[in-house]
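Here is the structure we will look at, set down as structure tokens.
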Amino acid sequence: MTQSRYWQFQQRPDAKITDDTFGFENRKLDELQEGQLLVRNLVISMDATNRLWLGEREELYMEPVKLGDSMKGFGLCQVVASKSRLYQEGQLISGLTEWADYSVLDALLVQPFSYPDNLGMAEAFGVLSIAGPTAYHGMLNIGQPKPGETVVVTAASGAVGMLAGQIAKLSGCRVVGTAGSAEKCRYLTDELGFDAAINYRDEDFSSQLAKACPVGIDVQFENVGGAILDHCLSLMNNGGRVVICGLISMYNSDQNVPGPYMFHNSIMKRLKIEGFVILDHAAQFPLMQRYLLEWMDAGLLKFRVNLHEGLECAPEALRSLYNSQNDGKVLIKLTDPES
Ligand SMILES: NC(=O)c1ccc[n+]([C@@H]2O[C@H](COP(=O)([O-])OP(=O)(O)OC[C@H]3O[C@@H](n4cnc5c(N)ncnc54)[C@H](OP(=O)(O)O)[C@@H]3O)[C@@H](O)[C@H]2O)c1
């Protein structure tokens, strides 16, 4: 029987994740049943949405994590034993797994994962699994940016934001990002080629934003919500598109948050406002991944990864998304694949 360390969901957070939210435990895994895989978790993605799985909201796009269960996350895993004809021992797969050394997964709920030699395993997983498809689908299929238009991306130096902004640049747009520090803003303009970047913590944020968008906003790629979204809604042009990718400023609360206060502009500016869950578009991932890889190969798409070493780091790594400590895609690496 396989023994595995894992992070157990032990106490529902009232707001921010605390030291009591998870406990580091050991368990023996059950014997494999038909159709199941025993996997070694290699890399686990830390996603803003993980916090929502710990709440009590009824409206969620998937089953929340139950108290007492292992914490879940999207992961890159290697098959150690298989009771499915779909996968063999040694194969790499990706899908919803656990914050654990080993997990038992349903073979029907995972996908094979491969990556080119010129990309590291963690970086490839970081771009291709969730962040890249989210940025691609949200920006191109929903935002539909046209050359010359102005695009604003919030949480722009994060995993999804940095890719969404660069994809809008590839579409020939003027791209403005918002982020929580001068250093993150510098990264956006100096290294990723954003036309402007504004620190939302600056007192004169709204006037800086208006100055950076002198002819208004055509596409708003929203990752944050709250006051920042309202400032952007007030600058939207007629026929603008508002892509509701995420509302991270609200995830630490189970209460409904008032606003947006500038919703009025959805009519006055004839806006198209559309939210999405990227998991609904998994069938299109191979196509999106091909484009993402091509742009990366051509040096047109840059990406940075915050790699934390070891399963022990998982709670702290997740918290870094909420206290603005991350500089890019947050992943934890547990181990290398065995050949
Ligand atoms: N719709 C989908 O299917 C889908 C899929 C993946 C991700 N998403 C969404 O995409 C967004 C980004 O997720 P990610 O995983 O890529 O994380 P990320 O952007 O790498 O990290 C989160 C960032 O959000 C910013 N932030 C956190 N709390 C904030 C607050 N109260 N106000 C303003 N900014 C705040 C922080 O940056 P600063 O330093 O700038 O504060 C932090 O670095 C999230 O809203 C997430 O839910 C949606």
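Under the working numbering, the sequence shown is numbered contiguously, ending at residue 596. Glycine included, C-beta positions come from ideal geometry on N, C-alpha and C. A quick note: this is a predicted structure, and the numbers were derived from the prediction, not measured.
For residue i, collect the residues of the same chain with a Cβ closer than 7 Å to its Cβ; drop the 5 residues on either side in sequence, then sort them by chain order.
i, result
"Q345", "V336, S339"
"A421", "A392, G395, M396, V410, F478"
"S523", "I530"
"A305", "G503, I505, Y508, L578"
"L449", "M419, G422, Q423, K559"
"I474", "T407, V409, C489, L492, M493, N494, G497"
"A467", "L492"
Under 8 Å Cβ to Cβ from residue i, same chain only, skipping five residues before and after it: list those, please.
i, result
"L366", "G352, L353"
"S371", "L349"
"K329", "N307, W310, V322, L353, T354, E355, W356"
"L445", "A413, S414, M419, G422, G434, A436, F451, A454"
May I ask whether a heavy atom of ligand 1 can be found less than 8 Å away from the beta carbon of residue i?
i, result
"G280", "no"
"F560", "no"
"F597", "A query on residue 597 cannot be resolved here, the shown segment of the chain reaching from 258 to 596 and no further."
"A305", "yes"
"V476", "no"
"A239", "The structure shown does not extend to residue 239, since the chain is modelled only from 258 to 596, so the question has no answer here."
"L578", "yes"
"I455", "no"
"G332", "no"
"A338", "no"
"T446", "no"
"A425", "no"
"A574", "no"
"V587", "yes"
"G497", "no"
"I387", "yes"
"V481", "yes"
"S414", "yes"
"V534", "yes"
"Y548", "no"
"L504", "yes"
"S351", "no"
"I485", "yes"
If you reduce the DSSP assignment to three classes, tell me which class residue i lands in.
i, result
"F520", "coil"
"R547", "helix"
"F370", "coil"
"D363", "strand"
"N267", "According to the sequence shown, residue 267 is Gln rather than Asn. Coil."
"Q335", "strand"
"K441", "helix"
"F462", "helix"
"E355", "strand"
"M493", "strand"
"L349", "strand"
"N307", "helix"
"I274", "coil"
"G434", "strand"
"S602", "Because the chain spans 258 through 596 in this model, residue 602 falls outside it and cannot be assessed."
Cutting at 6 Å between CB atoms, please list the residues of its own chain near residue i, excluding the five before and the five after it.
i, result
"S463", "H488"
"V481", "T411, A412, I505, S506"
"S428", "P402"
"F542", "P390"
"Q546", "L385"
"H565", "A574, I589"
In terms of DSSP beta bridges, what is residue i paired with?
i, result
"S261", "R284"
"E448", "DSSP output for E448 lists no bridge partner at all."
"T411", "Per DSSP, none; premise fails for T411."
"E566", "K590"
"F542", "None; F542 has no bridge partner."
"V500", "F478, E531"
"A379", "Looking at the DSSP assignment, A379 forms no beta bridge with any residue, so it has no partner."
"N298", "C334"
"Q293", "D363"
"I455", "T435"
"F560", "BP columns for F560 are empty, so no partner."
Report yes if the C-beta of residue i is less than 8 Å from at least one heavy atom of ligand 3; otherwise report no.
i, result
"L492", "What this structure holds is ligand 1, not ligand 3."
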